[in-house]
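What follows is one structure encoded as structure tokens, with my remarks underneath.
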Amino acid sequence: MSLPDESGAVVACTNLTKIYEGGTTALKDLTLSIKQGMSFGLLGENGAGKSTLVRLIMGFIRPTRGELLVLGQRKVSRAHPRIGYLHERPYIELRFTARKYLSYMAQISGLWGNLNSRRVDEALELVDLSAASDEMLATYSKGMQQRLCIAQALLTDPEFLILDEPTSGLDPYSQWKVRQIIAELRGQGKTLLICSHYLAEVETLCDTVGILQRGRLIRSGAVEELIHIQDTIEILLRNDQVASEIVERLHIDKQVLEMERNLLRIRAEAQQEVLTALVLAEVPIQALNPLSQTLEEVYIQTTRAGVESRPLASTLAVTALKKKKGSE
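Below, the structure written as structure tokens:
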């Protein structure tokens with residue numbers, strides 16, 4: 000894997016390795032780059048190395064070897080004022096009201112006076128807790144407490160936000176509320192690192208993902224590219240067109256993977272040949288689309304294969320086609 004381009008990178012890892020006492024290798028030769036303004040989803044099963052990477056970025060532990068730059072700093076603690084962090088299991092003091100708690104946490108971060116009040120108000124408004132700001136935190140639901148913790152992470156108006164399992168354990172409505180907040184932060188151009196087991200959530204909220212397995216980055220890339228099946232095109236003919244008859248008449252059976260009523264699925268490399276034949280024969284086409292898959296399907300196939308790479312397209316295409324056929 001090529002070295003990360005550090006220009007514009009909020010996080011740049013080069014051959015980053017962490018071996019704990021006892022010999023457990025949590026991360027091995029990790030090389031990745033999280034660019035400014037990117038929403039990056041970090042995926043992997045428990046023990047894959049996600050929490051270790053977050054702890055390294057936050058400076059809670061030090062790497063065994065390799066290089067890590069956070070916001071251009073090799074000494075990552077210097078970047079802390081520019082980072083907002085939501086822990087997987089956040090702790091809050093329940094004897095405060097939301098406003099007093101955030102005001103206190105803002106003071107710890109060096110915010111005083113009018114700036115303190117303004118940042119607290121802005122954070123409460125963003126997470127939709129302004130109306131409940133003077134209520135005791137002991138009366139807050141788990142979802143409200145999670146939103147409060149996001150507000151706390153935003154007090155210093157950080158450039159970079161680390162959200163570790165931001166919707167874990169929440170009810171569906173609270174999950175939706177938190178996702179709306181994250182989407183708004185993404186829209187503001189914040190750089191986000193999201194660790195989550197909810198793959199549909201990551202697919203919606205992230206531009207790019209990386210998949211860790213046993214401490215290694217086995218696949219990464221733009222979400223749109225990963226969920227697009229590279230070698231399968233679906234052609235929908237007009238309702239009164241019978242695909243099998245068209246294929247037989249135009250002698251394009253070798254390029255066709257599957258036929259269903261007025262639907263053709265062909266290899267991507269045969270797209271020009273098949274379309275030319277259809278156009279010349281004046282066969283009306285309703286739609287032409289590359290088949291896609293969910294991020295969950297990409298994740299399962301990648302982790303099962305246990306390798307970095309692109310050779311999965313054909314397998315994924317067959318899997319998606321069988322799945323779609325079985326559901327119809």
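With numbering that gives the first Met the number 0 as the guide, the letters of the sequence shown map in order to residues 0 to 327.
Glycine is no exception: its CB is placed at the ideal position from the N, C-alpha and C atoms.
Nearest-angstrom beta carbon gap, Cys12 and Leu67 [assumed within contact, 8 Å]: About 5 Å separates the two Cβ atoms, so the contact holds.
Those runs of the beta strand (DSSP E) which lie wholly inside the region 205-272 and span at least 3 residues: Within the region 205-272, the complete beta strand (DSSP E) runs of at least 3 residues are 207-212, 215-221, 227-236, 255-259 and 262-266.
Element boundaries [beta strand (DSSP E), containing Gly142]: Taken as a continuous stretch (DSSP letters only), Gly142 belongs to no beta strand (DSSP E), being part of the alpha helix (DSSP H) at Lys141 to Ala152.
Close-in-space but distant-in-sequence residues of the same chain around Ser102 (CB under 7 Å, 5 per side omitted): Cβ-Cβ distances below 7 Å link Ser102 to Asn115 and Val119 in the same chain, with the five nearest sequence neighbours on each side left out; the list follows chain order.
CB-CB length for Ile82 against Pro165, believed under 8 Å: Contact flag wrong, Cβ pair sits at about 15 Å.
Gly220 to Leu235 span [Cα, whole Å]: Pairing Gly220 with Leu235, the inter-Cα distance amounts to about 29 Å.
Which residues DSSP lists as bridging Gln72, in chain order: Bridge partners of Gln72: Val69.
Local Cβ density within 10 Å of Thr138, reported as buried at 16 or more and exposed below that: In the assembly as shown, Thr138 is an exposed residue. Its beta-carbon has fewer than 16 other beta-carbons within 10 Å.
Run of the beta strand (DSSP E) containing Thr51, from where it starts to where it stops: In this chain, Thr51 is not harboured by any beta strand (DSSP E); it is covered by the alpha helix (DSSP H) spanning Lys49 to Met57.
Close-in-space but distant-in-sequence residues of the same chain around Val306 (CB under 6 Å, 5 per side omitted): Low confidence applies to Val306: its pLDDT is 45, below 50, so where it sits in the model is not reliable, and the reading given next is rough at best. Hits under 6 Å: none found.
Continuous beta strand (DSSP E) stretch holding Ala11: start and end: Start and end: Ala8 to Ile18.
Cβ neighbours of Glu183 in the same chain (closer than 8 Å, five flanking residues each side left out): So the list reads Leu125, once near-sequence residues are dropped.
Strand pairing of Gly83, partner residues [DSSP]: Leu160.
Proximity below 8 Å, CB of Arg178 to CB of Ser38: Contact flag unset, no.
Span of the beta strand (DSSP E) around Asn45: Counted as a single uninterrupted DSSP element, the stretch harbouring Asn45 is not any beta strand (DSSP E), since DSSP gives it neither H nor E.
Own chain residues within Cβ distance below 8 Å of Ala131, not counting five before or after: So the list reads Ala97, Tyr139 and Met143, once near-sequence residues are dropped.
Residue burial classification, Tyr19 (beta-carbon count within 10 angstroms, cutoff 16): It is exposed - the Cβ of Tyr19 has fewer than 16 other Cβ atoms within 10 Å.
Sequence-distant residues of its chain with Cβ nearer than 6 Å to Gly58 (five each side left out): Hits under 6 Å: Val75 and Ser76.
Distance, Leu287 Cα to Leu192 Cα: Here the C-alpha atom of Leu192 lies approximately 35 Å from the C-alpha atom of Leu287.
Extent of the continuous alpha helix (DSSP H) run through Pro89: Segment: none, Pro89 is in no alpha helix (DSSP H) and carries neither H nor E.
Inter-residue CB distance, Ile91 and Leu136 (contact presumed, cutoff 8 Å): That pair is a contact at about 6 Å.
Simplified DSSP state of Pro171, which is helix, strand or coil: In the structure shown, Pro171 adopts helical secondary structure according to DSSP, grouped into three states.
Beta-carbon proximity check, Thr231 vs Leu153, cutoff 8 Å: Contact flag unset, no.
Cβ neighbour criterion (16 or more within 10 Å) applied to Ala280: Sixteen is the threshold: since fewer than 16 other Cβ atoms of the shown chains lie within 10 Å of the Cβ of Ala280, the residue is exposed.
Given Phe95 as reference, the closest of Gly109, Val69 and Asp133 once Cα atoms are compared: Answer by Cα proximity: Asp133.
DSSP bridge partner residues for Ile193 (one or two, in chain order): The partner list for Ile193 (beta bridge, DSSP) reads Gly40 and Leu162.
Distance, Thr30 Cα to Arg218 Cα: Spanning the two alpha carbons is a distance of roughly 11 Å.
Where the beta strand (DSSP E) through Asp28 begins and ends: Segment Thr24 to Lys34, the beta strand (DSSP E) holding Asp28.
Pairwise C-alpha distance: Leu162 and Ser108: Cα to Cα, Ser108 sits roughly 19 Å from Leu162.
Three-way DSSP call (helix, strand, coil) for Ile284 in this model: Strand.
Nearest candidate by alpha-carbon position, reference Arg64, set Thr155, Gln145, Leu70 and Leu55: Nearest C-alpha to Arg64: Leu55.
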